[in-house]
Amino acid sequence: MIPRAFEYHAPTSVAEAASLLDQHGDSAKLLAGGHSLLPLMKLRLAQPEVVIDLAKISDLSYIRQSNGGLSIGAMTTYADIESSADVQSLAPALAETAGMVADRQVRNMGTIGGSLAHSDPAGDLPAIILALGAQMVTSSSGAHRTIAADDFFVDLFTTALQPNEILNEIQIPALPSGTGTAYAKFGNKASHYAIVGIAAVLTASGGKCQSVRIGITGAGAKATRATSVENALTGASLDGATIKAAAQLASDGIDFNEDVHASAEYRAHLTRLYTERVLLEAASRAG
Amino acid sequence: MTVTITVEVNGESYTNDVEPRLLLTHYIREVLNLTGTHVGCDTSNCGACTIILDGKAVKSCTVLAVRANGGKVTTIEGLAKKNGELHPLQDAFWEKHGLQCGFCTPGMIMSAYDLLSNNPNPSEQDIREGMSGNLCRCTGYHNIVKAIEYAAQKM
Ligand SMILES: Cc1cc2nc3c(=O)[nH]c(=O)nc-3n(C[C@H](O)[C@H](O)[C@H](O)COP(=O)(O)OP(=O)(O)OC[C@H]3O[C@@H](n4cnc5c(N)ncnc54)[C@H](O)[C@@H]3O)c2cc1C
Ligand code: FES
Ligand code: FES
């Protein structure tokens, strides 16, 4: 399968990429790892006239500590995130999530920025990005803005990014001491895409939940937070029965996907079950 | 529109004018005539097209040839020594019967090469997880795992 012919640009700076986007408008697509875009182009479900490859922009691939948290360049691959000692220590479940995406070859190419910008309903990263309360930093010609994770995922394959905007950096805030992070998914056996994936970031003190953020992916059209579970658990004791009861609320308010892999009912069940599992894991890691 | 690319493949430098839409796998097979790299699914799933690009295993059916410009590629043809002596992984697939029809084998070996470069002493579980991007319709995988374990001991 061969993509439709296109004009190719490999800018070496974000400013140059932004001006190419301005010039070509809707007919252009940014190319990151290509592991969502190229399969779509090969099937001709996507037929951009212009492809703007971000790979030659050297300052988009990095992992840095900043104010006790992390700044991660949009072109950083899953493989680099998975193996980064900084991510493993400052946001352990982000490293684990990256390691659960697809397979080795896909993780060598796929990027955090591409994954978030694509907002695939079965993508893994959106859940942990929501749970961590990350911030997305974007650039367009002459402008920068920051979008909170809660506002970033808008709908099926749709984010708050404007057509002329490039996602540059993902900022992960410092986690308070006593915080545990966890991600678990029920994945498709062949592709590993999340049929349902749940992430939790939980801060505990004296056996009680101080605060918790839960991100859900795979279940509905876009990744969302499980706010009713978060509300039920905040201030509550972190015993198994309380966690189990709170997790029952995880399927509230979600319009579940239904496909060849799982019925809506089964996805709802998996959502509750995996929420309980990641909460137990995050609570035990919170120590 | 064509773009001029220079790529080092198996230690030799090649310069070609290519269409931007040319996939790396077609560049390797049809422009360079290195047909050891196979196309199985053409949908990014099977790993038959796996090659090493700048030190990492990638599915070459899902990479543009222009992306390899200025980079280094190793294909299955680049593993054996010039005198014909097989790479330990090639030898291990032979010794442990890690193939039947052989269609998936080049991709299996290139993935295993990447796996062993990062993890020289993998457990059976590491091998099964590390090779999950490669599908085989014949062997049932057991002998592939044994071959990689055998190669790890020899390397
Ligand atoms: C076989 C297979 C299995 C997979 N399994 C999984 C899985 O288990 N879990 C999972 O989460 N994903 C999975 N994926 C998808 C994979 O993670 C993709 O890499 C990811 O969805 C997209 O990232 P990318 O870097 O490849 O982006 P690309 O494919 O290059 O781009 C995707 C989209 O995002 C836009 N974009 C990219 N970067 C930016 C940016 N910096 N700013 C603005 N827009 C941008 C592009 O224009 C494009 O529209 C799988 C893919 C394959 C081929
Ligand atoms: S041919 Fe590339 S993954 Fe199957
Ligand atoms: S040996 Fe035939 S596909 Fe693997």
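Keeping their order, the protein sequence lines are chains W and E. Quick note: the first sequence uses this note's numbering, first residue 1, plus one each step. Quick note: the second sequence uses this note's numbering, first residue 1001, plus one each step. Idealized CB from N, CA, C, for every residue including glycine.
Taking all protein chains shown into account, do 16 or more other C-beta atoms lie within 10 angstroms of the C-beta of residue 1083 (chain E), making it buried, or fewer, making it exposed? exposed
Best match in W:113, W:6, W:91, W:61 for proximity to residue 199 (chain W) [C-alpha to C-alpha]: W:91
CA-to-CA distance, residue 11 (chain W) to residue 1015 (chain E), given in whole angstroms: 21 Å
Where does residue 263 (chain W) land, buried or exposed, given buried means 16+ other C-beta within 10 angstroms? exposed
Using beta-carbon positions only, say whether residue 1131 (chain E) and residue 1108 (chain E) come within less than 8 Å of one another. The Cβ atoms of residue 1131 (chain E) and residue 1108 (chain E) sit closer than 8 Å to each other.
If the cut is a Cβ gap below 9 Å, which residues of chain B does residue 1108 (chain E) touch? The structure shown contains no chain B; the protein chains it does contain are W and E.
Alpha carbon to alpha carbon, what distance is there between residue 70 (chain W) and residue 89 (chain W)? 10 Å
CB contact below 8 Å: residue 23 (chain W) versus chain E: no
Which residues mark the beginning and the end of the beta strand (DSSP E) in which residue 270 (chain W) is found? For residue 270 (chain W), there is no enclosing beta strand (DSSP E); the residue is found in the alpha helix (DSSP H) stretching over 264 to 286.
Could you tell me the distance, in whole angstroms, from the CA atom of residue 1122 (chain E) to the CA atom of residue 1144 (chain E)? 14 Å
List the DSSP bridge partners of residue 1016 (chain E). E:1005
Helix, strand or coil, according to DSSP, for residue 155 (chain W) in the structure here? strand
Quick one: what's got a C-beta closer than 8 Å to residue 255 (chain W)'s C-beta in the same chain, skipping five residues either side? 220, 221
Please list the segments of the beta strand (DSSP E) lying wholly inside the segment 1095 to 1129 of chain E, counting only runs of 3 or more residues, in order along the chain. none
Determine the chain E residues that contact residue 214 (chain W) at a beta-carbon separation under 9 Å, and present them in chain order. Neighbours of residue 214 (chain W) on chain E: none; closest Cβ ~26 Å, over 9 Å.
Just to confirm my understanding: we take residue 99 (chain W), look at its own chain, exclude 5 residues before and 5 after, and list those with CB closer than 8 Å. What are they? For residue 99 (chain W), where only same-chain residues beyond five positions count, the Cβ hits under 8 Å are 78, 82, 107.
For the structure I just gave you, are there three or more beta carbon pairs, one from the segment 1066 to 1076 of chain E and one from the segment 1004 to 1018 of chain E, closer than 8 Å? Yes, the segment 1066 to 1076 of chain E is in contact with the segment 1004 to 1018 of chain E.
Short-range partners of chain W found in the segment 1013 to 1027 of chain E, where Cβ spacing is below 7 Å: 1019, 1020, 1021
Which ranges would you report for the alpha helix (DSSP H) in the segment 53 to 125 of chain W if only whole runs of at least 4 residues count? 78 to 82, 85 to 90, 92 to 100, 104 to 109, 112 to 118
Looking only at C-alpha atoms, which of E:1054, E:1044, E:1103, E:1134 sits nearest to residue 1112 (chain E)? E:1134
Does the beta carbon of residue 1043 (chain E) come closer than 8 Å to any beta carbon on chain W? yes
Would residue 283 (chain W) and residue 226 (chain W) qualify as a contact pair, given that the criterion is a beta-carbon distance under 8 Å? No, the Cβ-Cβ distance between residue 283 (chain W) and residue 226 (chain W) is not below 8 Å.
Cβ of residue 1137 (chain E) within 8 Å of any chain W Cβ: no
Contact criterion: CB-CB distance below 8 Å. Does residue 1029 (chain E) meet it with respect to chain W? no
Short check: CB of residue 53 (chain W) to CB of residue 8 (chain W), under 8 Å? yes
Where do the N-terminal and C-terminal ends of the alpha helix (DSSP H) with residue 37 (chain W) fall, by residue? 37 to 42
For the beta strand (DSSP E) that residue 182 (chain W) lies in, which residues bound it at each end? Boundaries of the beta strand (DSSP E) harbouring residue 182 (chain W): 179 to 187, taken from the DSSP string.
Strictly below 7 Å CB to CB, what residues from chain E border residue 3 (chain W)? 1021
Buried or exposed, going by whether 16 or more other CB atoms sit within 10 Å of the CB of residue 1136 (chain E)? It counts as buried.
Short CB-CB distance (under 8 Å) between residue 115 (chain W) and chain E: Closer than 8 Å: no.
Given that residue 7 (chain W) touches chain E, what residues does it touch there, using C-beta distances under 8 Å? 1001, 1020
What distance in whole Å lies between the Cβ atoms of residue 1036 (chain E) and residue 1088 (chain E), which are believed to be in contact at a cut-off of 8 Å? Contact doesn't hold; Cβ gap of about 17 Å is too wide.
What in chain W is Cβ-close to residue 1089 (chain E), meaning under 7 Å? From the beta-carbon of residue 1089 (chain E), no residue of chain W is found nearer than 7 Å; the closest lies around 15 Å away.
For residue 24 (chain W), which residues from the same chain have a beta carbon less than 6 Å from its beta carbon, with the 5 sequence-adjacent residues on both sides left out? 50
Please tell me whether residue 248 (chain W) has its Cβ less than 8 Å away from any Cβ of chain E. no
With respect to 7 Å, is the separation between the Cβ of residue 1101 (chain E) and the closest non-hydrogen atom of ligand 4 below this value? This structure lacks ligand 4; the ligands present are ligand 1, ligand 2 and ligand 3.
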